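What follows is one structure encoded as structure tokens, with my remarks underneath.
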Amino acid sequence: MAKQSSPPGLSEIDPLYWPVVRMWILRLMMRCGGRQAFVTSGGFRDDELASFLGLEDLAPGEGRAEVARTLIRERYAAIEKKAPRLPRKPLLARNIAGFGKELGLGQVEQDILHFVCLTRICSLLDSTVELLGYMTHGRVLKVFSECLGYSLEEVRPAMAASGMLHRASLLWVDNSKQYNFRFKLDMPSGLDDALTVRYRDILDLFVFSVARGKAPQLTLDRFPHLKVDIGILQKYLHGSIASGKPGVNVLIHGRPGTGKTEFVRAIARHVGGELFEVATGKKDGQARQGTERFRCLRLAQCLLAKRPGCVLLFDEVEDVFTPDDVAVVPAARRTGNKAWVNQMLEGNPVPTFWVTNRLESMDPAYVRRFDYVLEIDMPPRSVRQRLLEECSLGLAVGAAWRNAAAEHSELAPAIIERACRVVKDCGELPEPRLAERDLGRVMNNTLMALGVRQLRVPMAQAGIDYRIDYLNADCDLARVREGLTHHSESRICLYGPPGTGKSAFGRHLAQALDRPLLVRRASEVLSPYLGLAERNIARMFRDAEGDNAVLLLDEADSFLQDRRSARHSWEVTLVNEMLTQMETFPGIFIASTNLIESLDKAALRRFDMKIRLDFLKSDQAWEIFTAVAGKLGLAVHESEHRGVLAALRRLTPGDFASVARRATNARPAHAAEILQWLSEECGLKGEGSGRRIGFHA
Numbered sequence: 024m025a026k027q028s029s030p031p032g033l034s035e036i037d038p039l040y041w042p043v044v045r046m047w048i049l050r051l052m053m054r055c056g057g058r059q060a061f062v063t064s065g066g067f068r069d070d071e072l073a074s075f076l077g078l079e080d081l082a083p084g085e086g087r088a089e090v091a092r093t094l095i096r097e098r099y100a101a102i103e104k105k106a107p108r109l110p111r112k113p114l115l116a117r118n119i120a121g122f123g124k125e126l127g128l129g130q131v132e133q134d135i136l137h138f139v140c141l142t143r144i145c146s147l148l149d150s151t152v153e154l155l156g157y158m159t160h161g162r163v164l165k166v167f168s169e170c171l172g173y174s175l176e177e178v179r180p181a182m183a184a185s186g187m188l189h190r191a192s193l194l195w196v197d198n199s200k201q202y203n204f205r206f207k208l209d210m211p212s213g214l215d216d217a218l219t220v221r222y223r224d225i226l227d228l229f230v231f232s233v234a235r236g237k238a239p240q241l242t243l244d245r246f247p248h249l250k251v252d253i254g255i256l257q258k259y260l261h262g263s264i265a266s267g268k269p270g271v272n273v274l275i276h277g278r279p280g281t282g283k284t285e286f287v288r289a290i291a292r293h294v295g296g297e298l299f300e301v302a303t304g305k306k307d308g309q310a311r312q313g314t315e316r317f318r319c320l321r322l323a324q325c326l327l328a329k330r331p332g333c334v335l336l337f338d339e340v341e342d343v344f345t346p347d348d349v350a351v352v353p354a355a356r357r358t359g360n361k362a363w364v365n366q367m368l369e370g371n372p373v374p375t376f377w378v379t380n381r382l383e384s385m386d387p388a389y390v391r392r393f394d395y396v397l398e399i400d401m402p403p404r405s406v407r408q409r410l411l412e413e414c415s416l417g418l419a420v421g422a423a424w425r426n427a428a429a430e431h432s433e434l435a436p437a438i439i440e441r442a443c444r445v446v447k448d449c450g451e452l453p454e455p456r457l458a459e460r461d462l463g464r465v466m467n468n469t470l471m472a473l474g475v476r477q478l479r480v481p482m483a484q485a486g487i488d489y490r491i492d493y494l495n496a497d498c499d500l501a502r503v504r505e506g507l508t509h510h511s512e513s514r515i516c517l518y519g520p521p522g523t524g525k526s527a528f529g530r531h532l533a534q535a536l537d538r539p540l541l542v543r544r545a546s547e548v549l550s551p552y553l554g555l556a557e558r559n560i561a562r563m564f565r566d567a568e569g570d571n572a573v574l575l576l577d578e579a580d581s582f583l584q585d586r587r588s589a590r591h592s593w594e595v596t597l598v599n600e601m602l603t604q605m606e607t608f609p610g611i612f613i614a615s616t617n618l619i620e621s622l623d624k625a626a627l628r629r630f631d632m633k634i635r636l637d638f639l640k641s642d643q644a645w646e647i648f649t650a651v652a653g654k655l656g657l658a659v660h661e662s663e664h665r666g667v668l669a670a671l672r673r674l675t676p677g678d679f680a681s682v683a684r685r686a687t688n689a690r691p692a693h694a695a696e697i698l699q700w701l702s703e704e705c706g707l708k709g710e711g712s713g714r715r716i717g718f719h720a
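Going by the working numbering, the sequence shown opens with residue 24, and the numbers climb by one from there.
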């Protein structure tokens, strides 16, 4: 049998479609007004369409248009005598029937989708429908009704917002303005082409809308600071998946690089859920915009609704809640988007994790609708320490370097992992100092680009050996230390002149209690941006709790200023946040200040102990002096030196630490030179204030 030759303009489709497409073209001409636009006094609007209709041989002349209209009417009448039906054997038809059954699409909905796909595939049908010009919603429905042979009462619910085509974002009408047919109707990118290919699983059709989730690279034990949240989420997800509860939504937020996506993958695996991820890109590699990605989410919900045990990950959702271009998005469409989101959060059949880097981009009205909201921010020091040890395995990096790097609160897991991978991938592993140098450089390049402080690993410095009896306190510090070994919760204010050992006592206390120390200074917490300092304060206490660390806050007067002297509302808010966090912190909090008189009275009442550290007593100063001189091998004569030292009445341990460091650069010739340096340190101190000199253990 000779192969059937394709009529002009129908070569793109299966021959079984030719009769029905011919009928549709004639119905578009006669029932929908296409004939008037096609046949003009000057000829035909589309020569290929004219050839298809057998009009190309009509001789030009005044009666040509009327003859053409008559011929079209006759051909229309002939085909309507035995109107062909949509074939069910072509691959496109079988695919639509297959996933239509799985999604619960009715026959009218399937036929509408079938029609739209054929207009995208068949250029001749597309040309015909474009003759209708700009269309209203009502006219689109009329096209479906007239071409497919359904009444408007049957078509209207199939294309309604409550219909499955719209709810699954398979096909929707853009009502923001009038467009021609192709742009008035939209569908997922590439769906028409995908439906012409064989598939085993319906999800293969929509791989660029939703795909099976990637295997987690991390396990939940990488998130020990989230232990309580993990426990709650596990139980909630187990129960929700087992019962098929709708409207389960978890919002995960936090800064980039903190492991949010990996956390979702890990917890989905832990609860036995099959994870699927909403695509962020198109088939051609271009990024999807917010509204388009939300449609992918709606489609994924419908596709997975009947599959038990599924969990969805919707990453980078900030562009869904912030229109692609607020200035040009019509108010009606923004309102529609909001309605979509609200409906999704109330009735989505598949438990969904929504992940964002920018919580501030979301309306609080949305945030309140989530079942569980979890911030995954920079992990506490203990987690950074462990991650540095694991990722730098095989690199000649010293423990001291890792310990110092772990102190950097902005060192996100992603920065650590990538830096270690880069250095390892350089080939030959560098020697110890070079490995640390290269790791520091890679990390700092990223930190600098992010606008945060760089990693600085301090070199070992000379100082004085730490002894608790070197501190001149108004109470027995040894008893305080002993008491805290039996009671793990306390709020302590250390105050007094600079250099008297306030910070050093905090370090000593953490070491004596065998607990990590978290040190924060005003420069690391305060921010010029409204509300950010309060968030940093909350995070500081949260990190200390997660690490079971002693929290030492230097320059506490920056946060606890007397509210009666506040000039701005944010100053009051800052103090309020500090007081709230202090009251609820279940650990040891030490605040050090040189200016206790400026502290808020309510704040002072919240400290369990207020300990003053003062200038050294004469005996203490003499003991430290002899220790420093002894380390330097210098002879000390009590009769000659003690009286001179006693005349320096404002000495602190910090002064001795300073001269000890100075001695490493310019070794003194005799003990009297140390006395001269101490005298110079005292001379730099003004009344009631002075240069802050650290006391290094």
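Where is the CB? At the ideal position from N, CA and C, for every residue including glycine.
As the structure is a prediction and not an experimental result, all values here were calculated from the model.
Rounded separation between residue i and residue j - CA only
i, j, result
"residue 646", "residue 698", "13 Å"
"residue 169", "residue 130", "16 Å"
"residue 293", "residue 498", "52 Å"
"residue 230", "residue 298", "14 Å"
"residue 541", "residue 430", "8 Å"
"residue 39", "residue 100", "21 Å"
"residue 657", "residue 618", "37 Å"
"residue 665", "residue 649", "10 Å"
"residue 601", "residue 511", "20 Å"
"residue 700", "residue 668", "11 Å"
"residue 594", "residue 623", "12 Å"
"residue 637", "residue 494", "8 Å"
"residue 703", "residue 562", "41 Å"
"residue 3", "residue 572", "Outside the shown range of the chain, which is 24 to 720, sits residue 3, and nothing can be said about it."
"residue 329", "residue 98", "46 Å"
"residue 693", "residue 653", "11 Å"
"residue 322", "residue 232", "8 Å"
"residue 663", "residue 424", "44 Å"
"residue 569", "residue 489", "28 Å"
"residue 491", "residue 264", "57 Å"
"residue 509", "residue 503", "10 Å"
"residue 517", "residue 296", "51 Å"
Paired residues, beta bridge with residue i - DSSP
i, result
"residue 209", "195"
"residue 274", "377, 396"
"residue 622", "584"
"residue 574", "541, 612"
"residue 416", "DSSP output for residue 416 lists no bridge partner at all."
"residue 234", "300"
Beta-carbon proximity of residue i to residue j, cut-off 9 Å
i, j, result
"residue 194", "residue 139", "yes"
"residue 326", "residue 126", "yes"
"residue 604", "residue 630", "no"
"residue 75", "residue 142", "no"
"residue 135", "residue 49", "no"
"residue 420", "residue 470", "no"
"residue 726", "residue 324", "Here the chain covers residues 24 to 720 and nothing more, so residue 726 does not appear."
"residue 52", "residue 95", "yes"
"residue 634", "residue 536", "no"
"residue 396", "residue 338", "no"
"residue 368", "residue 344", "no"
"residue 220", "residue 148", "no"
"residue 217", "residue 226", "no"
"residue 69", "residue 128", "no"
"residue 1", "residue 385", "Only positions 24 to 720 of the chain appear in this structure, which leaves residue 1 out of reach."
Residue i beta carbon near the ligand MG (any heavy atom closer than 8 Å)
i, result
"residue 444", "Inclusion of the ligand MG in the displayed structure is not the case, the ligand content being empty and no account of it being possible."
Should the region 327 to 335 be called in touch with the region 207 to 216, which here means at least 3 C-beta pairs below 8 Å?
no
Would you check if there are 3 or more beta carbon pairs closer than 8 Å linking the region 662 to 681 to the region 505 to 524?
yes
Between the region 259 to 272 and the region 409 to 422, can you find at least three pairs of beta-carbon atoms closer than 8 Å?
Contact between the region 409 to 422 and the region 259 to 272 is absent, because fewer than three Cβ pairs lie under 8 Å.
At a cut of 8 Å, does the region 162 to 181 reach the region 110 to 124 through at least three beta carbon pairs?
By the C-beta criterion, the region 162 to 181 is judged not to be in contact with the region 110 to 124, since fewer than 3 inter-stretch pairs fall below 8 Å.
Which runs of the alpha helix (DSSP H) at least 4 residues long sit entirely within the region 461 to 532? Give them in chain order.
500 to 507
Alpha helix (DSSP H) runs wholly inside the region 63 to 151, at least 4 long, in chain order
Taken in chain order, the complete alpha helix (DSSP H) segments of 4 residues or longer contained in the region 63 to 151 are 70 to 75, 87 to 104, 114 to 126, 130 to 144.
Touch check for the region 433 to 444 and the region 274 to 284: three-plus C-beta pairs under 8 Å?
yes
Considering only residues of the region 644 to 715, which uninterrupted alpha helix (DSSP H) runs meet the minimum length of 4 residues and lie entirely inside it, listed in chain order?
661 to 669, 676 to 688, 694 to 706
The region 399 to 411 in contact with the region 315 to 329 per 3-pair CB rule at 8 Å:
no
For the 8 Å Cβ check, are there 3 or more pairs between the region 363 to 375 and the region 386 to 394?
Short answer: they touch.
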